[in-house]
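Encoded as structure tokens, the structure appears first; notes follow it.
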Amino acid sequence: METTAIPFHPIGGYSIKDAGALLGGICRASVYNAVNRGDLELVKVGGRSIITAKSIQELVQRGQREAA
Numbered sequence: 000m001e002t003t004a005i006p007f008h009p010i011g012g013y014s015i016k017d018a019g020a021l022l023g024g025i026c027r028a029s030v031y032n033a034v035n036r037g038d039l040e041l042v043k044v045g046g047r048s049i050i051t052a053k054s055i056q057e058l059v060q061r062g063q064r065e066a067a
């Protein structure tokens, strides 16, 4: 299966779909579950839900520390 790289931007955020792709291809429901647990930060911009890049980066870093 071919994967497409999504560029990481240190400032800003990602759609629910793109956030899931950055987190290993998790589904929308899993992204929303992470938001509800407080693992990811969701902000509303107009009518869109955006997951902050900072919260994605922090979640990945926590996962790396726990795996070490």
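If you use numbering that gives the first Met the number 0, the sequence shown corresponds to residues 0 to 67, in order. Every residue, glycine too, gets a C-beta built ideally from N, C-alpha and C.
Residue range of the beta strand (DSSP E) that includes residue i
i          : result
residue 12 : 12-14
Minimum C-alpha distance to residue i - residue among the options
i          : options           : result
residue 17 : 66, 60, 37 and 48 : 48
residue 40 : 66, 67, 62 and 58 : 58
For residue j and residue i, believed in contact at Cβ under 8 Å, the rounded distance
i          : j          : result
residue 19 : residue 34 : About 11 Å separates the two Cβ atoms, so there is no contact after all.
residue 11 : residue 52 : 5 Å
residue 50 : residue 15 : 7 Å
Residue i, enclosing alpha helix (DSSP H) - first and last residue
i          : result
residue 55 : 52-66
Cross-strand partners of residue i (DSSP beta bridge)
i          : result
residue 41 : 50
Cut-off 6 Å between Cβ atoms - residues of its own chain near residue i, not counting five sequence neighbours on either side
i          : result
residue 13 : 50
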